[in-house]
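**Student:** Please find one structure pasted underneath; my questions will follow.
In structure tokens form, the structure reads like this:
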């Protein structure tokens, strides 16, 4: 397979919805259950690649960004880079290849970031905002994908930086950029500096399309590190300290930054209760639809979790209705995979401040209870304990160390609550478990047992029968 002919944007405009669906189906950054797709904007990146915006007809409006290149199917080279979609261009067989399968396509984007250039196109225009002196040592010479298929596509551009291509595109202020600018301006020690931003505009207002952060050598991602540790208590304590430092710096009166702290009021409590119920209803609806496809042992967990769900939700709702204190901007999708650890220095760095990508942009920018981030990390420890075979004892010890570190790092006079003493933490863990269940059923059904087991464990403190009397499905 060799490079294709110069890419004509008209070819992409002529592709059918069925072709796009076949090309994108199954990718974790593409909405599950999408029924139709159409191209709404495109711009060339070099001769044989293009940035594209695709509007998907899904459960709710969704615009996806893809970075494509063309390759000629001439039989002379490997036919890899699957999944690919073959089309005809001027009688020649062509494969469309996505950046998540061929990361070298990102080199052209890196060159544009370095030049401060953008990509004018048809139906959309991409622009670049970069810090002074970006890539002073020269353009990056190598590209390495991080983490494979995720909600976005991230790649290390040599040692120049880490670029993340956003997959879901929405006009408006993006939390990754807002929080990134805020932390960079304050030299926050637990996050890499923001170096450049890629923005796209279709005429409906600018939307974040990508970000470049500084590269941090000598780090390992938190998930991988945790799975290899028989004793994670020391690093977990340090992660608690870093997490509290993040929440403290985000507890600010800086109105101009969009980060100013707010007091919790009745409308917030009502919003959180509605969100809890919607999250649970979505998860339980998916569970009912997929119940018969689950293995017998997972169906047994599903029966118990579903039978006890209302009691769990009633408890969480009661706790949320009593919420008081302050609400702040938070990470919003906090887990071990969003953190890097430097074993030599014993220091953590926190990444990916965009919030949960499946939620609407406006929702991700709302102020929230800091306990939501704490709950996300506790659930991540639960996953690591189960998947890494450390078990419940490992999870409990790691969680206790994390909470102790979080509380120990409280700033004098801080309005933020103690994590260990907060009655809201359990409510946030319950909601997070329902959210995980919906996600796993959509994208990783083999892991649905993990949040189901969590919901069953959370319900054990309630006065419920050990087994439901009748099937919930």
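Residue numbers (my numbering): 1 to 473. Every residue gets a Cβ at the ideal spot worked out from N, C-alpha and C, and that includes glycine.
Under a three-way DSSP split, which group does residue 163 fall into?
**Tutor:** Residue 163 falls in the strand class under three-state DSSP.
**Student:** Could you pull out every residue in the same chain whose Cβ sits closer than 6 Å to the Cβ of residue 406, ignoring the five residues on either side in sequence?
**Tutor:** Contacts found: 240, 243, 244, 419.
**Student:** Using 10 angstroms around the beta-carbon of residue 389, count the other beta-carbons present and answer buried if the total reaches 16, otherwise exposed.
**Tutor:** Classification for residue 389: exposed.
**Student:** Compare the Cα-Cα distances from residue 371 to each of 170, 247, 38 and report the closest residue.
**Tutor:** Nearest of 170, 247, 38 to residue 371, Cα basis: 247.
**Student:** Would you call the segment 217-228 and the segment 318-333 in contact, with 3 or more CB pairs under 8 Å?
**Tutor:** The segment 217-228 is not in contact with the segment 318-333.
**Student:** Measuring alpha carbon to alpha carbon, tell me which of 236, 64, 403 ends up nearest residue 357.
**Tutor:** Selected option, being the one with the closest Cα: 64.
**Student:** Could you have a look at residue 189 and say whether DSSP puts it in helix, strand or coil?
**Tutor:** Coil.
**Student:** Please identify the residue among 269, 169, 341, 55 whose C-alpha is closest to the C-alpha of residue 322.
**Tutor:** Minimum Cα distance to residue 322 is reached at 269.
**Student:** With a threshold of 8 Å between beta carbons, is residue 206 in contact with chain B?
**Tutor:** Among the chains of the structure shown, chain B does not appear; only one protein chain is present.
**Student:** How would you label residue 77, buried or exposed, when you count the other beta carbons within 10 angstroms and need 16 or more for buried?
**Tutor:** Because residue 77 carries a pLDDT of 39, less than 50, the predicted location of this residue cannot be relied on, and the following value inherits that uncertainty. Classification for residue 77: exposed.
**Student:** Per the DSSP calculation, residue 347 is bridged to which residue(s)?
**Tutor:** 342, per the DSSP bridge assignment.
**Student:** Do you know whose CA, among 391, 10, 435, 377, lies nearest residue 122's CA?
**Tutor:** It is 10 whose Cα lies nearest to the Cα of residue 122.
**Student:** Could you tell me how far apart the beta carbons of residue 341 and residue 450 are, in whole angstroms, since I believe they sit closer than 8 Å?
**Tutor:** About 22 Å; that fails the 8 Å criterion.
**Student:** Extract the residue ranges of the beta strand (DSSP E) inside the segment 270-342, only unbroken runs of 3 or more that lie entirely within it.
**Tutor:** You should have 339-342.
**Student:** Going straight from the alpha carbon of residue 415 to that of residue 256, what length do you get?
**Tutor:** Those two C-alpha atoms are separated by around 21 Å.
**Student:** Given a threshold of 16 other Cβ atoms within 10 Å of its Cβ, counted over all protein chains shown, does residue 455 qualify as buried or as exposed?
**Tutor:** Buried is the call here.
**Student:** Threshold first: 4 residues or longer. Then list the alpha helix (DSSP H) segments lying entirely within the segment 13-64, N to C.
**Tutor:** Here the runs fully enclosed are 17-24.
**Student:** Hey, residue 443 and residue 50 are a contact pair by Cβ (cut 8 Å); roughly how many whole angstroms apart?
**Tutor:** That pair is no contact at about 26 Å.
**Student:** Could you give the first and the last residue of the continuous alpha helix (DSSP H) run that contains residue 224?
**Tutor:** Unbroken alpha helix (DSSP H) run through residue 224: 222-227.
**Student:** Tell whether a beta-carbon distance below 8 Å holds between residue 130 and residue 196.
**Tutor:** Yes, the pair counts as a contact, with Cβ atoms nearer than the cut-off.
**Student:** Is the Cβ-Cβ distance between residue 181 and residue 194 less than 8 Å?
**Tutor:** Contact: yes.
**Student:** Here's a check: name, in chain order, each residue in its chain whose Cβ is nearer than 6 Å to the Cβ of residue 183, leaving out the five neighbours to either side.
**Tutor:** Excluding sequence neighbours, residue 183 sits near 191.
**Student:** Whole angstroms is fine: what's the gap from residue 109's alpha carbon to residue 221's?
**Tutor:** Rounded to the nearest angstrom, the two C-alpha atoms are 24 Å apart.
**Student:** So which of 233, 367, 201, 229 has the shortest CA-CA distance to residue 263?
**Tutor:** Residue 263 has its Cα closest to that of 367, out of 233, 367, 201, 229.
**Student:** Leaving aside the five residues before and after residue 144 along the sequence, list all residues of the same chain whose C-beta is less than 8 Å from its C-beta, in chain order.
**Tutor:** Counting only Cβ-Cβ distances below 8 Å, and skipping sequence neighbours, we find 103, 155, 156.
**Student:** Starting from the Cα of residue 120, find the closest Cα among 93, 42, 187 and give me that residue.
**Tutor:** Here the closest residue by C-alpha is 42.
**Student:** Using 8 Å for Cβ pairs, my map puts residue 353 next to residue 179. What's the rounded Cβ distance?
**Tutor:** Residue 353 to residue 179, Cβ: 4 Å. Contact.
**Student:** Tell me, which residues are paired with residue 130 by DSSP?
**Tutor:** Looking at the DSSP assignment, residue 130 forms a beta bridge with 196.
**Student:** Identify whether residue 122 lies in helix, strand or coil by the three-state DSSP scheme.
**Tutor:** Three-state result, residue 122: strand.
**Student:** Return the residue from the list 96, 292, 8, 23 that minimises the CA-CA distance to residue 47.
**Tutor:** Here the closest residue by C-alpha is 8.
**Student:** Which residue's Cα is closest to the Cα of residue 61: 209, 152, 361?
**Tutor:** Nearest option by C-alpha distance: 361.
**Student:** Who are residue 260's beta bridge partners in DSSP?
**Tutor:** Looking at the DSSP assignment, residue 260 forms a beta bridge with 252.
**Student:** To the nearest angstrom, how far is it from the Cα of residue 20 to the Cα of residue 424?
**Tutor:** Rounded to the nearest angstrom, the two C-alpha atoms are 44 Å apart.
**Student:** For residue 253, which residues of its own chain have a beta-carbon under 8 Å away from its beta-carbon, when the five flanking residues on both sides are left out?
**Tutor:** 260, 261, listed in sequence order.
**Student:** For the candidate residues 27, 30, 54, 113, whose alpha-carbon lies nearest to that of residue 40?
**Tutor:** The candidate whose alpha carbon is nearest that of residue 40 is 54.
**Student:** Determine the DSSP secondary structure at residue 369, reduced to helix, strand or coil.
**Tutor:** Reduced to three states, the DSSP call for residue 369 is coil.
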